[in-house]
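In UniProt numbering, the protein residues as written are 1 to 102. Reviewing the structure listed below.
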Ligand SMILES: [Zn+2]
């Protein structure tokens with residue numbers, strides 16, 4: 001009795017589709033973060049922002065202007081902010097690490 005040769009390749013399990021990572025943050029920005037985005041030049045941080053780290057990061061811009069950067073994160077919505085403070089400038093600028101979704 002001869003063995004029956006089969007041309008069917010051995011069974012290969014198909015890869016399950018990878019779950020799509022959720023790119024959107026779970027928490028929408030709170031009102032104070034939205035207000036800060038509308039007024040990014042004020043020096044006083046909103047009460048909901050907590051300073052991350054201790055010392056400001058001091059860098060130089062491409063034009064040679066030194067500036068310092070502080071990192072904040074919101075206690076309410078978790079939005080991460082960077083505060084840029086350039087030397088000899090009246091205003092600062094708040095920049096969210098990712099664009100706020102309204
Ligand atoms: Zn917030």
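The beta carbon of each residue, even a glycine, is placed where N, CA and C say it ideally should be. This structure is a prediction, so every number in the text was calculated from the model and none was measured.
Integer-rounded CB distance, given that residue j should sit under 8 Å from residue i
i, j, result
"residue 87", "residue 56", "Contact flag wrong, Cβ pair sits at about 12 Å."
"residue 58", "residue 68", "5 Å"
"residue 29", "residue 79", "5 Å"
Outcome for residue i when other beta-carbon atoms lying within 10 angstroms are tallied against a minimum of 16
i, result
"residue 89", "exposed"
Cα-Cα separation, residue i to residue j
i, j, result
"residue 75", "residue 32", "11 Å"
"residue 41", "residue 83", "9 Å"
"residue 51", "residue 85", "15 Å"
"residue 91", "residue 47", "19 Å"
"residue 43", "residue 14", "56 Å"
"residue 49", "residue 102", "19 Å"
"residue 39", "residue 64", "26 Å"
"residue 62", "residue 95", "18 Å"
Practice prompt. Please list the segments of the beta strand (DSSP E) lying wholly inside the stretch 66 to 96, counting only runs of 3 or more residues, in order along the chain.
Written response: Uninterrupted beta strand (DSSP E) stretches at least 3 residues long and entirely within the stretch 66 to 96 occur at 66 to 74, 80 to 86, 93 to 96, given in chain order.
Worksheet item: If you scan the stretch 26 to 61 from start to end, which runs of the beta strand (DSSP E) of 3 or more residues do you find wholly inside it?
Response: Whole beta strand (DSSP E) segments, 3+ residues: 49 to 60.
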